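Q: Can you read through this structure? Questions will come right after.
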Amino acid sequence: MTARMVLMLGAVTAFLGVALGAFGAHALRARLSEQLLNTWETAVQYHLVHALGLLVVGLTLLHSAPAPLLRWSAWFMLAGMVLFSGSLYLLCLSGVRWLGAITPLGGTALLIAWALFAVAVWRLN
3 MTARMVLMLG
13 AVTAFLGVAL
23 GAFGAHALRA
33 RLSEQLLNTW
43 ETAVQYHLVH
53 ALGLLVVGLT
63 LLHSAPAPLL
73 RWSAWFMLAG
83 MVLFSGSLYL
93 LCLSGVRWLG
103 AITPLGGTAL
113 LIAWALFAVA
123 VWRLN
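Residue numbers for the sequence shown follow the numbering used here, beginning at 3 and rising by one.
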């Protein structure tokens, strides 16, 4: 994945995070229980933090020599966002509780992404 692609994905996921946050605050406020609204807000919070994380990885890629670990970090961060926040969004909208079982897989992917980023930065010259 190129630096340009990572930066573009960071911008697109940040846009979607803001849009989904607004959707939850306005369209879902009267439709979801307080517990599900809190779940939605957690999904948005992790979504936005990791959209910024993608931007940081992209900027690091832009200013470094080719670094496979940075690219892997970006892939894991994107997958983690989809699995973590995506499963929570779907759980809130559908009420299908088993989707919550996917959320820890996303959290694990996010942890791997940050660990890969740390190692990649450590190895930079």
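Just so it is clear, CB atoms sit at the ideal spot from N, CA and C, and this is done for glycine as well. Bear in mind that the values here come from a model prediction, so they are computed numbers and not experimental data.
Is it the case that the Cβ atoms of L61 and T15 are separated by a distance below 9 Å?
A: Taking 9 Å as the Cβ cut-off, L61 and T15 do not qualify as a contacting pair.
Q: Under the three-state reduction of DSSP, which class applies to G97: helix, strand or coil?
A: Coil, per DSSP.
Q: With distances taken Cα to Cα, identify the nearest neighbour of M10 among A111, H28, V58.
A: Out of A111, H28, V58, V58 has the C-alpha closest to the C-alpha of M10.
Q: Using the beta-carbon count (16 or more within 10 Å), is L90 buried or exposed?
A: By the neighbour-count rule (16 or more Cβ atoms within 10 Å), L90 is buried.
Q: Three Cβ pairs or more, each shorter than 8 Å: is that satisfied between the region 118 to 125 and the region 69 to 87?
A: Yes, the region 118 to 125 touches the region 69 to 87.
Q: Spatial neighbours of C94 within its chain, please: C-beta separation below 7 Å, excluding the five flanking residues on both sides.
A: Correct list, in chain order: L34, L38, T41, W42.
Q: Pick out whichever of S87, L54, L64, T105 has its Cα sitting closest to the Cα of W116.
A: Looking at the Cα atoms, L54 is the closest of the given residues.
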